[in-house]
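**Student:** To convert, note that position 8 of the sequence shown is 8 in full-length UniProt numbering; the numbers rise steadily by one, no gaps.
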Amino acid sequence: MEADQSRTFGTFTKRLATWWPIDSFAIEPGKVRDVCLEEWVGGRIYEVLDDGAERDWGHILRWDPPRMVAFTWEVIQGPVFTEVELLFKKLGPTLTRVEMTHRGWENLTPLLMDSYLAHQTGWPFILGRLQAVLSA
1 MEADQSRTFG TFTKRLATWW PIDSFAIEPG KVRDVCLEEW VGGRIYEVLD DGAERDWGHI
61 LRWDPPRMVA FTWEVIQGPV FTEVELLFKK LGPTLTRVEM THRGWENLTP LLMDSYLAHQ
121 TGWPFILGRL QAVLSA
């Protein structure tokens, strides 16, 4: 990403609604007015709907700003969730590599696996939107 480590991490965590494609990648697409991330272990990531209702996306598992954040991925209802980890690696004064790992697929039932696999293909598009906001 063409931004320093702190800006890249802050844009990902504090400004989700400005770059996340909420019209297509949300629990209730078309009804989302904000996306919030609580900045502590155990905090939630959630969408806020036009009517004020909230829908959880996950919970923070590890929090190490501006280097790393990891969270459960709970957008598909189920007894078992996957985990997303993002590393923000400083490559230069205005250059940061974002490395994302989405793990835990082996714990899912076949029915949940089909739903999660549909979501997996969205990550390159989603992170591309983050990059576009940082480059602007």
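Ideal Cβ placement from N, Cα and C applies to all residues, glycine included. Just so we're clear, the structure is a prediction, and the values are computed from it rather than from any experiment.
#1: Evaluate Trp40 with the Cβ neighbour count: other Cβ atoms within 10 Å of its Cβ, from every protein chain shown; 16 or more gives buried, anything less gives exposed.
#2: Counting pairs of beta carbons, one from the segment 52-62 and one from the segment 94-102, are three or more of them closer than 8 Å?
#3: With contact counted as at least three CB pairs below 8 Å, one residue from each stretch, are the segment 5-15 and the segment 67-84 in contact?
#4: Quick check on the DSSP output: the beta strand (DSSP E) that includes Trp63 runs from which residue to which?
#5: Bridge partners for Val35 per DSSP, in chain order?
#6: Would Tyr116 and Trp73 qualify as a contact pair, given that the criterion is a beta-carbon distance under 9 Å?
#7: Can you check which of these residues, Phe25, Leu134, Trp20, Gly78, is closest to Trp105 by C-alpha distance?
**Tutor:** Judging by the given coordinates:
#1: exposed
#2: no
#3: The segment 5-15 is in contact with the segment 67-84.
#4: 54-64
#5: Glu47
#6: yes
#7: Gly78
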